[in-house]
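**Student:** Under our numbering, think of the first position of the sequence shown as 1, with each following residue one higher. Glycine included, C-beta positions come from ideal geometry on N, C-alpha and C. This is the structure I want to talk about, given as structure tokens.
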Amino acid sequence: MTIQRTLSIIKPDAVAKNVIGQIISRFESNGLKIIEGQLLQLSRSQAEDFYKEHIGKPFFEKLLDFMTSGKVFIQVLEGEDAIEKNRALMGATNPQLAEKGTIRADFAETIDANAVHGSDSPESALREIEWFLSNKG
Ligand code: ATP
Ligand code: MG
Numbered sequence: 001m002t003i004q005r006t007l008s009i010i011k012p013d014a015v016a017k018n019v020i021g022q023i024i025s026r027f028e029s030n031g032l033k034i035i036e037g038q039l040l041q042l043s044r045s046q047a048e049d050f051y052k053e054h055i056g057k058p059f060f061e062k063l064l065d066f067m068t069s070g071k072v073f074i075q076v077l078e079g080e081d082a083i084e085k086n087r088a089l090m091g092a093t094n095p096q097l098a099e100k101g102t103i104r105a106d107f108a109e110t111i112d113a114n115a116v117h118g119s120d121s122p123e124s125a126l127r128e129i130e131w132f133l134s135n136k137g
């Protein structure tokens with residue numbers, strides 16, 4: 001039983017589909033509380049900085065194009081085992097492989113536009129929350 005914080009991003013595809021509320025509902029009904037949140041249009045350099053662990057990978061430029069294609073809703077979630085819990089609610093990176101009932105299975109179709117981001121470890125969560133707090137408007 002550990003109360004953790006994690007960073008969640010509702011990506012441009014899900015914002016465009018008008019499902020921010022439906023996604024947030026899943027967090028809330030699973031015991032995760034939003035303690036910070038903002039709708040933001042990321043610049044290319046912000047997206048690059050956020051995803052810098054993927055610099056040089058074949059999908060990197062496409063990822064930046066996508067993450068800057070519209071507004072994102074960024075939020076800090078807090079709750080018991082928040083990091084793992086959020087990843088479980090999200091489902092697999094590729095929505096085609098994501099378990100039924102997960103956010104990616106229900107709101108996304110392709111690996112390029114997969115509805116949500118979630119920190120993948122306590123170290124990433126710390127770094128990404130810091131990143132958000134210094135990049136929010
Ligand atoms: P995110 O970091 O967005 O929460 P993730 O942790 O499930 O996703 P990562 O490996 O961190 O997956 O990849 C970051 C993003 O890059 C993915 O969400 C996906 O859109 C894209 N991506 C990852 N792997 C591939 C791939 N093999 N082909 C195309 N796009 C990919
Ligand atoms: Mg990741």
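List the whole-angstrom C-beta distance separating Lys85 from Gly91, where the pair is believed to meet the contact cut-off of C-beta under 8 angstroms.
**Tutor:** In fact, because the Cβ distance is near 13 angstroms, the residues do not count as touching under 8 angstroms.
**Student:** By alpha-carbon positions, which one of Ile55, Glu28, Phe50, Gln22 ends up nearest to Ser119?
**Tutor:** Residue nearest to Ser119 within the set Ile55, Glu28, Phe50, Gln22 is Phe50 (criterion: CA-CA distance).
**Student:** Sort out for me which residues DSSP pairs Thr6 with in a bridge.
**Tutor:** DSSP, once it has assigned bridges, lists Leu77 as partnering Thr6.
**Student:** Ile35 lies in the beta strand (DSSP E); which residues open and close that run?
**Tutor:** 33 to 40
**Student:** May I ask you to list the residues that DSSP assigns as paired with Gly118?
**Tutor:** Ser8, per the DSSP bridge assignment.
**Student:** Please check the pair Ala108 and Pro95, which I expect to be a contact at CB under 8 angstroms, by giving their CB distance rounded to whole angstroms.
**Tutor:** Ala108 to Pro95, Cβ: 4 angstroms. Contact.
**Student:** Could you tell me the boundaries of the alpha helix (DSSP H) in which Gly21 lies?
**Tutor:** 20 to 29
**Student:** Spell out the partners DSSP gives Val72 in its beta bridges.
**Tutor:** Leu40
**Student:** Can you give me the C-alpha to C-alpha distance between Met1 and Phe132, rounded to a whole angstrom?
**Tutor:** 26 angstroms
**Student:** Quick one: give me the first and last residue of the alpha helix (DSSP H) that Asn86 is part of.
**Tutor:** Counting along the chain, the unbroken alpha helix (DSSP H) around Asn86 starts and ends at 82 to 90.
**Student:** Indicate whether the contact test is met: 3 or more Cβ pairs, each with one atom in the segment 8 to 17 and one in the segment 67 to 75, closer than 8 angstroms.
**Tutor:** yes
**Student:** Span of the alpha helix (DSSP H) holding Ile55?
**Tutor:** No alpha helix (DSSP H) contains Ile55, which DSSP labels as neither H nor E.
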